[in-house]
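Following full-length UniProt numbering, the numbering of the sequence shown begins with 1 at its first residue and continues without gaps.
Quick reminder that beta carbons are idealized off the backbone N, C-alpha and C, glycines included.
Computed from a predicted model, the values in this text were never measured in an experiment.
In what follows, a structure is listed as structure tokens, so that the remarks can point back to it.
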Amino acid sequence: MSNHSMNAGGLKEAKEYMMDKEIPQLFESMMTALMYKKPEDHIEFLETCLNKAKEDPKIRWHSFIQPLPPIPKATEKIRTEAESPQPFAEDVLASPKAVSPVQNAPSDIVQKKTEASLLAEQVFNKHMQEIDALDNDDEKPWYADYTEKYIDTSAIQEKPIVFVLGGPGSGKGTQCAKIVEKYGFLHLSAGDLLRAEVKKGSEIGAKIDQAIKEGQLVPQDVTICLLKEAMVAKADSKGFLIDGFPREIKQGKQFERQVASAKLMLNYECPDEVLTERLIERGKHSGRVDDNIESIKKRLVLFHEKTSPVVQHYSEIVNSIQANRSIEDVFEDTCKALERIVNPGRPWYADYTEKYIDTSVIQGKPIVFVLGGPGSGKGTQCAKIVEKYGFLHLSAGDLLRAEVKKGSEIGAKIDQAIKEGQLVPQDVTICLLKEAMVAKAGSKGFLIDGFPREIKQGKQFERQVAFASLMLNYECPDEVLTERLIERGKHSGRVDDNIESIKKRLVLFHEKTSPVVQHYSEIVSSIQANRSIDEVFEDTCKALEQSINSQPSTTDTSLDLAKPIVFILGAKSSGREKQCELLSHRYSLHHVSLDTILKEDSEKFQDLMISYADNIPMGVALEAINKRIHNNKDNNGFIIDGFPRTLEEAVCFEMEICPASFVVYFECPDDVLLRRQLGENAESEEEEAAKKNLESFHSRMTPILLKYPDKLKIINSARSEDIIFKETCDFVDFLIAGQKSQVINEEQISPEQQKDIESAVQDIVNEIAPQQSSNDEPQVKSEGKPQVEGEEDHMEVQEEPAGESGNKKLIYQEMLKNKKVIFVAGSPGTGKSTQCQKIAESFGYAHISKDLVLREIEAGTERGLKIVEFLKNKESVPDKLAFDILGEAMLEMDGCHGYLMEGYPANVQQISVFEDEFKLADMVLHLTCPEIVASERFLSRGQPGDTHENYQERLDLYKEQTLPMLDLKVDLVKEIIVSGNPEEIFEEISKHFTEENSQTKPAEETKQEVMAGDLSNKNIVFVLGGPGSGKGTQCAKIVEKYGFCHLSTGDLLRAEVSSGSARAEEMKEIMAKGELIPLETILALLKEAMLKNSDCKGFILDGYPRDVPQGEKFEESVGKCKFILYFHCTNECMTERLLGRAKTSGRVDDNIDTIKLRLKTFENQTLPILDKYSDRIKKIDAMRGVDDIFADVCKELDTL
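Structure (structure tokens):
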């Protein structure tokens, strides 16, 4: 052969010849047969094979070992052809009605086939190399070095590969994205890979780029090699989607020879007129030059010419889907097609049992398993328990029958399975129980009758639903059970109530039940059922009450709630774990983490088939954490590491254990976390997966952080370990000291002493901040601090005693009681300072900004030097230090109408501490404009340091910290679009301050109406309670029993607006402008309504007051409130009630997001009221029955 010379172009022709004649398949088939049969005369055997090949040119790997021998019984899994590496064999996928021969092949034949494939590949490659060497007239193609290198594809042979075809505009890209999200496939496009390789600047990328510039087509050898490389690089993907591939049959065959066989082809079909319409519509926005009618027609003609032969060739694996429907309808059919290759053995009930059901609402409720032989009377006892204790009685059999009768989708499948003689899987039974329990989560507890039948069933219930707190086992001698059942048979008509059937049933019962009772021995209460119903029930009640009373709760007196319980949260690699260890050691706090729990209770979790801490169900986690807290009460407190993981877990922790003392969140930029997790040279796919994990983490964390604004400390963990630990310790020291002082105050200060303290504080306030007229100009000083006579730098920031810090807080809050506080936020370059100066000049506000901190530095004070030290170390100025400076500045400017806080608070943590230290914000002005405009404004100011890098740094900080703060105050935010000159912007801002003034400057006639009449001798009761607390129901009962007049400000306002009065017209104008109705108008309406009903026994004001000023104004101008009925109900309970109401109410605000916002608003408004009127609050537990609640209401009203 070495002397032979091939013609020009011989290399390409030789390769094409080998492929077209399917020479590799012939080699593979003969080698497989030789290796399996091992004939004595191999030449004769090969001649026989070749003669057979002439008769049947369609050669398969098993063509020469037919018929296949029977399948041997073996424990090892037999790999199908689709699961085996087959770089040369054409895929033999059977139609749905046929079975692929390989499925009937013994495992040793499959192994021979695999070995033969690899050997054939080596032989073929060797021949190709020889052909290359012989081709002396042609140069090797420019891509040969790249395409001829060896790539091991064994890792992807068993993965599902899906070809995806569809015309332009068919939506196949959208469907691919949804497949990736749901199934974890890798989405590949030959075009994208080519562009990426060129962009990367690799050697082959440069050659591809050159070839394209020269007008050459990129050879399919290169395309397939790029696909192969990409798939092998991400071999851990669940499968592969190859989009728009293959374009020709030849390309598909080459892919299957060199890479692997596809298991499915998705073909998205859509009429040309629909595709045309979609592409033209896309062209209006896409800017693509080929989205025009002429180009579209040509593209569609070319698509059909290319695709039709390909679809026909792959007919055995094609699944054609009509794409002329909604995205979701198309995706539903896509999923059905994919399920056949992803989950070929997927059970008929999987869609039902795998759906998510939130069980948080039933965690902590008593769950009782009830066992007893047939005739033991357990059904009678369950009925009595339901009547006395309000439990929900459930039976798996009843639930199955009810679901079948209902005719639901799963009910129909259950019915079909029963008719076919199948047992209903326990997955279905447990899912039915779970659904029924969640649907009736308001029940006092749950009785599950005749459950579990096996230990395995009980364990699965505990994994997927919750743990049982008690098992009632009704024991009765077999002869008594037999006697009862025979007696029942005389009237029941049941065919199994005969002596033979009864004996079999009892034997089966004992066989099944004994292991279950033994497994649950710790919670079993066995009750002798061979007695009267009442005697049995007496023992049942004792067992139930003992179990219920022994469950730990938030009122468990054995837990010292004065000890801090700290949630430590943070993403993976945020440094959370290390900080937990350091904190635990320094403060002697018991460290509880799910990882530790998993190790310590390894046997239990092995039984539950849980190997990762993140997979521990909420109920199991809560039980384990609670146990460790109660078993380690001698520690100084507890660190709960990485828990709660969701808002539901936070809520359930508070319900079942106790509220958290405070929450530390280690915040770290995503890019830093990714570097820590993946290193510097991570693959793009790894990075994408990590990013998605972080997105999921942030979405779970955000609601938790918003739940604890007043207990939350956010710490930047992108810094060194020592700096992080120091800041964490400062926060913990501050809060632990605060807790201790609170305990001391609660124990040692009497109400009389407390009044003396408040009086003394008021005297100090009067000395430091004498009241000035609201028209006075604010007195702004550039430096210096307020001093009480005789004091020398009294308010210098040192470590203050708790009492002194508390006094300052009272001073600040007293000073701000009648003043407005407005936060001003905006990205850099929006002109916040300019607008704040204009507001201050026009409306008498004091302008507070971070310049105060700079002034402190310039003055050279001790605090200023501390600030410099922090800045040198690149640390943030502690909130306490900043707040002291702010507080003193506000005291200096006390004569103003209110305060504009520019750029501060700047994040969620600061806003929480600010509002705790000073007061709640009255308004938030948010100045916004496009980034490009803001950037130009910022850079054009001409100030030192105004660089693009500085702008970007400040913009990132604004996005990361300020925007979440605004989300927290969404109900107070006034958005101002910064466009035009400063005067035009200020004109827009002024509207919001005009609204405020309209509320504080009522018409004279309104004042006169308010002052008319005398209601001083009337019984007036304020009624407060969150949405869903049931206060409306209780108000109706009060009216009925006591003859009180029920008033609601909302009802009064609506009635007045519809009356057509002059005042109604004024109110309509105010509301049309988006402004608030003045408080004096509301008070006038209330007083008028009360005077009209002055002959009633008293008045209940529903949902009033909404804030402290409303209450104070009412008592000044209308009448004194006797007391406040406060209907207390947890957020979880109110949410459950409102969602239940939503099913019939039709109210648009009865949805989970709106409910959360309403509850948060109520909480923010109510807490100051409860504090203000603490001596007149009558707290009513509203989480009970209506009559129980009303009984407590009557006790309070009877005292009037």
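Checklist entry - Roughly how many whole angstroms lie between the Cα atoms of Met19 and Ser320? => result Taking the sequence shown and counting its residues from 1, the one referred to as residue 19 is at position 19. Taking the sequence shown and counting its residues from 1, the one referred to as residue 320 is at position 320. Each residue's Cα considered, the two are about 29 Å apart.
Checklist entry - Residues bridged to Thr928 by DSSP? => result Here residue 928 refers to the residue found at position 928 when the sequence shown is read from its first residue. Its beta-bridge partners are Ile977.
Next on the checklist: Spatial neighbours of residue 1202 within its chain, please: C-beta separation below 7 Å, excluding the five flanking residues on both sides.
Outcome noted: The chain is shown from 1 up to 1200; residue 1202 falls before or after that span and cannot be answered.
Checklist entry - To the nearest angstrom, how far is it from the Cα of Phe823 to the Cα of Glu727? => result Taking the first residue of the sequence shown as 1, we reach residue 823 at position 823. Taking the first residue of the sequence shown as 1, we reach residue 727 at position 727. The alpha-carbon of Phe823 is positioned some 26 Å away from that of Glu727.
Checklist entry - Going by the CB atoms, is the gap between Val672 and Ala613 shorter than 8 Å? => result The residue labelled residue 613 in the question sits at position 613 within the sequence shown. The residue labelled residue 672 in the question sits at position 672 within the sequence shown. Between Ala613 and Val672, the CB-CB gap reaches or exceeds 8 Å.
Checklist entry - Touch check for the segment 921-930 and the segment 815-831: three-plus C-beta pairs under 8 Å? => result yes
Next on the checklist: With H, G and I counted as helix, E and B as strand and the rest as coil, what does DSSP make of Asp971?
Outcome noted: Within the sequence shown, residue 971 is the residue found at index 971, counting from 1. If DSSP states are grouped into helix, strand and coil, Asp971 belongs with coil.
Next on the checklist: As a quick exercise: from Gln363, Tyr314, Arg463, pick the residue whose alpha carbon is nearest that of Lys444.
Outcome noted: Walking along the sequence shown from the start, residue 444 turns up at place 444. The shortest Cα separation from Lys444 among Gln363, Tyr314, Arg463 belongs to Gln363.
Next on the checklist: Quick check on DSSP: helix, strand or coil for Met471?
Outcome noted: If you number the sequence shown from 1, residue 471 lands on position 471. Met471 falls in the strand class under three-state DSSP.
Checklist entry - Would the segment 329-346 and the segment 421-436 be scored as touching if the rule is three or more Cβ pairs under 8 Å? => result no
Checklist entry - What are the residues that DSSP puts in a beta bridge with His1046? => result The count along the sequence shown starts at 1 and reaches residue 1046 at position 1046. In the DSSP output, where bridge partners are listed per residue, His1046 has Ile1100.
Next on the checklist: Does Asn549 pass the burial test, meaning 16 or more other C-beta atoms within 10 Å, or should it be called exposed?
Outcome noted: Sequence index remark: in the sequence shown, residue 549 carries index 549 (1-based). That one is exposed.
Checklist entry - Do the segment 247-258 and the segment 219-226 touch if we need at least three Cβ pairs shorter than 8 Å? => result yes
Next on the checklist: Can you confirm whether the segment 373-390 touches the segment 293-305 when touching is taken to mean that 3 or more C-beta pairs between the two stretches lie within less than 8 Å?
Outcome noted: By the Cβ criterion, the segment 293-305 is not in contact with the segment 373-390, since fewer than three pairs of Cβ atoms, one from each stretch, lie closer than 8 Å.
Checklist entry - Counting only runs that start and end within the segment 193-281, where is the alpha helix (DSSP H) found for 4 or more residues in a row? => result 203-213, 220-233, 249-258
Item to check | Straight-line gap, Ala14 to Lys238 (C-alpha atoms, nearest Å) | outcome: Here the question's residue 14 lines up with position 14 in the sequence shown. Here the question's residue 238 lines up with position 238 in the sequence shown. Straight-line Cα distance between these residues: approximately 37 Å.
Checklist entry - Where DSSP assigns a beta bridge to Lys444, which residues make up the other side? => result Residue 444 sits at position 444 when you count from the first residue of the sequence shown. According to DSSP, Lys444 bridges with nothing at all.
Item to check | Residue(s) in a DSSP beta bridge with Val663 | outcome: Here residue 663 corresponds to residue number 663 of the sequence shown, with the count starting at 1. DSSP output for Val663 lists Phe567, Leu712 as bridge partner(s).
Checklist entry - So, is Asp1102 buried or exposed, given that buried needs 16 or more other C-beta atoms within 10 angstroms? => result Your numbering for residue 1102 matches position 1102 in the sequence shown. The residue is buried, with at least 16 neighbouring Cβ atoms inside 10 Å.
Item to check | Secondary structure of Asn1151, DSSP reduced to three states | outcome: Counting from 1 along the sequence shown, the entry for residue 1151 is found at position 1151. The answer is coil: DSSP assigns Asn1151 none of H, G, I, E or B.
Item to check | Burial state of Cys1194, where buried means 16 or more other Cβ atoms lie within 10 Å | outcome: For the purposes of this step, residue 1194 is identified with residue 1194 of the sequence shown, where counting begins at 1. Under this definition Cys1194 is an exposed residue.
Checklist entry - Based on the DSSP secondary-structure assignment, which residues constitute the bridge partners of Leu188? => result Numbered from its first residue, the sequence shown carries residue 188 at position 188. DSSP output for Leu188 lists Ile242 as bridge partner(s).
Checklist entry - If we call anything under 8 Å between Cβ atoms a contact, is Phe662 one with Leu622? => result Here residue 662 is taken as the residue at index 662 of the sequence shown, counted from 1. Here residue 622 is taken as the residue at index 622 of the sequence shown, counted from 1. Contact flag unset, no.
Checklist entry - Does DSSP classify Gly829 as helix, strand or coil? => result Taking the sequence shown and counting its residues from 1, the one referred to as residue 829 is at position 829. If DSSP states are grouped into helix, strand and coil, Gly829 belongs with coil.
Checklist entry - Are the beta-carbon atoms belonging to Pro828 and Leu963 less than 8 Å from one another? => result By 1-based counting over the sequence shown, the position of residue 828 is 828. By 1-based counting over the sequence shown, the position of residue 963 is 963. In this structure, Leu963 does not lie closer than 8 Å to Pro828 by Cβ.
Item to check | Status (buried if at least 16 other CB within 10 Å, exposed otherwise) for Gly898 | outcome: In the sequence shown, the residue the question calls residue 898 occupies position 898. Buried, because 16 or more other Cβ atoms sit within 10 Å of the Cβ of Gly898.
Next on the checklist: On the DSSP letters alone, give me the boundaries of the beta strand (DSSP E) that Tyr389 sits inside.
Outcome noted: Taking the first residue of the sequence shown as position 1, residue 389 is located at position 389. Where Tyr389 is concerned, there is no enclosing beta strand (DSSP E), although the alpha helix (DSSP H) it sits in stretches over 378-389.
Checklist entry - Who are the near neighbours of Ile418 in its chain, counting only those whose CB is closer than 6 Å to its CB and skipping five residues on each side? => result Taking the sequence shown and counting its residues from 1, the one referred to as residue 418 is at position 418. So no residue of the chain qualifies.
Item to check | Nearest-angstrom Cα separation, counted from Ser360 out to His698 | outcome: For the purposes of this step, residue 698 is identified with residue 698 of the sequence shown, where counting begins at 1. For the purposes of this step, residue 360 is identified with residue 360 of the sequence shown, where counting begins at 1. Looking at the two C-alpha atoms, the distance is approximately 20 Å.
Next on the checklist: For the structure I just gave you, are there three or more beta carbon pairs, one from the segment 324-338 and one from the segment 476-490, closer than 8 Å?
Outcome noted: Using a Cβ-Cβ distance cut-off of 8 Å, the segment 324-338 and the segment 476-490 are not in contact, since fewer than three pairs of beta carbons, one from each stretch, lie closer than that value.
Item to check | Backbone CA spacing between Glu269 and Thr1154 [nearest angstrom] | outcome: On the sequence shown, residue 269 is found 269 positions in, with the first residue counted as 1. On the sequence shown, residue 1154 is found 1154 positions in, with the first residue counted as 1. Put simply, the backbone Cα of Glu269 is about 41 Å away from that of Thr1154.
Item to check | Contact under 8 Å by Cβ, Tyr812 with Cys896 | outcome: Numbered from its first residue, the sequence shown carries residue 812 at position 812. Numbered from its first residue, the sequence shown carries residue 896 at position 896. Cβ distance not < 8 Å, so Tyr812 and Cys896 don't count as in contact.
Checklist entry - Between which two residues does the beta strand (DSSP E) carrying Asp1181 extend? => result Within the sequence shown, numbered from 1, the residue matching residue 1181 stands at position 1181. From DSSP, the beta strand (DSSP E) with Asp1181 extends over 1177-1181.
Checklist entry - Does the Cβ-Cβ distance between Ile1180 and Leu1125 come in under 8 Å? => result Here the question's residue 1180 lines up with position 1180 in the sequence shown. Here the question's residue 1125 lines up with position 1125 in the sequence shown. In this structure, Leu1125 lies closer than 8 Å to Ile1180 by Cβ.
Checklist entry - Taking buried to mean at least 16 other C-beta atoms within 10 Å of its own C-beta, is Thr32 buried or exposed? => result Residue numbering aside, residue 32 sits at position 32 when the sequence shown is read from its first letter. Classification of Thr32: buried, given that the 10 Å Cβ count is 16 or more.
Checklist entry - Can you tell me whether Pro39 is buried or exposed, with buried defined as 16 or more other CB within 10 angstroms of its CB? => result By one-based count along the sequence shown, residue 39 stands at place 39. By the neighbour-count rule (16 or more Cβ atoms within 10 Å), Pro39 is not buried but exposed.
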